[in-house]
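Residue numbers (my numbering), protein chains in the order written: chain A, 899 to 952; chain B, 775 to 1509.
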């Protein structure tokens, strides 16, 4: 059962990372144009370098 | 969305010919500004890159970015006069019809702070719920003693701060209601959350077996999700409404004292200013004509299709369409008696007299909240006195509250409304508020306006085939020089029939009267009856007269063109048992003709804005629930007063503001589809209530008897929430 002592903190930590990532995405307006993001990924324009935010 | 258009089917986006990409000339200014254009037809990856690469290639443009969700492009551009119309023409030539959005109106659209706040709370409670659920699995599968206590303590450490933070919207609402001695849905929710957390904490301290942390968290999560969906629906509708308002860029051409003409925003106009109105434009202000002569089309205001001749001294009303000649109008007082003011007063009184509608969710809460509290209190008292163990009694009371808590009820309505409004949006219908959908489901009578709603407001020539080829040849030749809608109808008829125009000389258009020309030395006139020397006649339709030399003038008859989908729409409505009526401001003859043609039995002609409202009140008193569909300024009050109302996107501002639903796609058959969808949506909501009730009927006796464990609570809650959401989502797929 001692394995729990570090498995629980690890799992909570990973979950927490996900939560932080979500907050970061929200702050960066990544939820403003969900349809656009879904379609932009199909274009090969940005394959070599990321696009500039206009 | 089930049949979202795939990328392959997009003819407009295949490629953009590079030669079309020109240049607007030398950049004259270094300052830059931002323009927002609405692009209603963009829908795929190729559209995005087409518009963005095309625009970014232009030297004047510093940056362009498409927002596909809002169907807009935001352009940073050098400040060159007239750049907007240049860009609009350019985009239109690429196959993307564009419209300018008024940036002032869009600025009022704030960043959605409430939505982000809710989303953050959803995320936190979702994270906490999943982790605590995992820990609870250990307890359910038989962890005991120290292990169980440890799991409970970790759960408490995650759950208590989360419930305090994420549940805040519920506590606030519950407190507002309790302060004025009322109950709302948030009171049992808050009580359940607080009691569940408190009881579980006490149990944990005592090394007890049952802790409801997972239940408290999943409750918070599902309820917040419902709130968030509800909020999204409203935000999408509101921003769409703002966008519609922003589509109308209010500008006028002011004539300054030195005779120069300047385009200014509407609110820069003062009383007494002179305003130029070009043919084809709408009169921007109420006022008096000082120069020029023309015909004005009042159909947007009154529903009448007959153009009205005006000359110096005639008073004109904002919104009339100038047909033939240029006019100069002096802006008049914005006093009490302008037509718009009268309509606004009518709209206000119609809104005030409308019954307050109790939504299904409110009705459910009114029954539900007291019932839950009474049940839980009874369980507490019964077990307290029966067993003498008040800790057990508190536990059971908490279990009853948690299990009955309106988790599924909280999702029942918002999940359906989100699915339904998404479906409507996909079909080109904007729902301004969720309640309108419930109202729409109750409709048994549809009342249509005529001009601009059933008809396109565009005339067509009806007696062309009866006239001789020679007469038609002359008429077509006369019509070619004019932008008047009747002339255009003649030209169209000529083009359809492949007729060759006669050869005429000296064609002169006399604004407000007609056209004059010379044919083989004879004078030919086409236009109003008086212009052609007709003193009296018995023609009731819209007519134009043609006189060749000294011959008897011939009448060319026109009728307002019906939208092609209308006959099918009316038939479908009547087949479904809905009563269809016609309520028009136009003259008797054209209204009757149209009603007969469409098989509409009840019709009213020559209706004024106030008589339209009275007619709807009469129908309401007969016990009918009416859907009003209209577009003109004269319909605004009727739209506000009807049980529920719909307006095409081409409608005037006031009508769009009054209407509950807006047809962006301009396809009237959507009326039928929306009615069907609303009825299905209402059925889904009721089904969801039944599902939630069934879960309660099964789980509540278990809880009352004291057999409820945290596992049962978690199963009942997740089970009902998921069933309810899935049931709602079926709506998104079926049409």
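By construction, the Cβ of each residue, glycine as well, lies at the ideal position given by its N, Cα and C atoms. As the structure is a prediction and not an experimental result, all values here were calculated from the model.
Asked	Found
Proximity test, Cβ basis, 8 Å: residue 937(A) and chain B	yes
Residue 1352(B) to residue 1220(B) span [Cα, whole Å]	7 Å
Residues in the segment 890-915 of chain B having any Cβ partner in chain A nearer than 8 Å	890, 893, 894, 897, 898, 901, 904, 905, 908 and 909
Same chain only: Cβ atoms within 6 Å of residue 799(B), ignoring 5 sequence neighbours per side	Because residue 799(B) carries a pLDDT of 42, less than 50, the predicted location of this residue cannot be relied on, and the following value inherits that uncertainty. Once the five neighbours on either side are set aside, residue 799(B) has no close Cβ partner at all.
Interface residues of chain A facing residue 928(B) [CB-CB closer than 9 Å]	906 and 910
Run of the beta strand (DSSP E) containing residue 1290(B), from where it starts to where it stops	1288-1293
Of the listed residues 1433(B), 1476(B), 1505(B) and 1435(B), nearest to residue 1461(B) (C-alpha basis)	1505(B)
Selection from 938(B), 1026(B) and 1420(B) that minimises the alpha carbon distance to residue 995(B)	938(B)
Cβ-based burial, residue 1265(B) [other Cβ within 10 Å; buried from 16]	buried
Length of the line joining the Cα atoms of residue 944(B) and residue 814(B)	38 Å
Residue 1126(B) to residue 1058(B) span [Cα, whole Å]	29 Å
Buried or exposed (CB count within 10 angstroms, at least 16 for buried), residue 1311(B)	exposed
Distance cut-off 7 Å: residue 1244(B) Cβ against heavy atoms of the ligand GTP	Absence of the ligand GTP from the depicted structure is noted, as is the absence of any ligand whatsoever, leaving it without description.
Reduced DSSP secondary structure (H/G/I, E/B, other) of residue 1402(B)	strand
Three-state secondary structure (DSSP) of residue 827(B)	helix
Backbone CA spacing between residue 1305(B) and residue 1319(B) [nearest angstrom]	8 Å
Minimum C-alpha distance to residue 975(B) - residue among 999(B), 1067(B) and 933(B)	933(B)
Residue 1308(B) vs residue 1331(B) beta-carbon contact at 8 Å	no
The segment 810-834 of chain B: positions lying closer than 7 Å to chain A by Cβ	818, 819, 822 and 823
Complete runs of the beta strand (DSSP E) confined to the segment 1271-1354 of chain B [at least 3 residues]	1279-1284, 1288-1293, 1296-1301, 1316-1322 and 1328-1336
Coarse secondary structure for residue 835(B), derived from DSSP in three states	strand
Reference residue 914(A), options 1183(B), 898(B) and 1380(B), closest by Cα	898(B)
Helix, strand or coil at residue 1472(B) [DSSP, three-state]	helix
Under the three-state DSSP convention, the category residue 900(A) falls into	coil
Under 7 Å from the C-beta of residue 842(B): neighbouring residues of chain A	931, 933, 934 and 937
Assigned exposure category for residue 912(A) - 16 Cβ within 10 Å defines buried	exposed
Cβ-based neighbour list, residue 1424(B), same chain, cut-off 8 Å, excluding 5 preceding and 5 following	1226, 1405 and 1440
Top-ranked residue by Cα proximity to residue 1247(B), from 1240(B), 1257(B), 1374(B) and 1273(B)	1273(B)
Chain-ordered chain B contacts of residue 923(A) [CB-CB under 9 Å]	None at all; the shortest Cβ gap to chain B is about 10 Å.
Pairwise C-alpha distance: residue 1340(B) and residue 1346(B)	10 Å
Residue span of the alpha helix (DSSP H) that contains residue 1244(B), given as start and end	1243-1253
8 Å Cβ cut-off: residues of chain B touching residue 917(A)	897, 898 and 901
Candidates 910(B), 1495(B) and 1144(B), of which the one nearest residue 955(B) by Cα	1144(B)
Whole-number beta carbon distance between residue 910(A) and residue 905(B), since they are thought to touch under 8 Å	6 Å
Extent of the continuous beta strand (DSSP E) to which residue 1082(B) belongs	1082-1084
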